């Protein structure tokens, strides 16, 4: 199960890591500052449901 590990592959992996962690966490902290902790946690708890529904309808 070999693969090609070139510059494009590493750049893609770094992009996914950056977008999935740094940007998402910064967005969460900004939302907490604007909306408050209670509303932000309620919105965050709907994420798994939305992800499931999107995957069912999209895929």
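Numbering (my numbering), first residue to last: 244 to 302. Ideal Cβ placement from N, Cα and C applies to all residues, glycine included. Computed from a predicted model, the values in this text were never measured in an experiment.
Is the Cβ-Cβ distance between residue i and residue j less than 7 Å?
{"i": "residue 275", "j": "residue 283", "result": "yes"}
In angstroms, rounded to a whole number, what distance separates the CA positions of residue i and residue j?
{"i": "residue 255", "j": "residue 247", "result": "13 Å"}
{"i": "residue 272", "j": "residue 292", "result": "21 Å"}
{"i": "residue 280", "j": "residue 249", "result": "42 Å"}
{"i": "residue 294", "j": "residue 285", "result": "15 Å"}
Looking only at C-alpha atoms, which of the options sits nearest to residue i?
{"i": "residue 290", "options": "252, 267, 302", "result": "267"}
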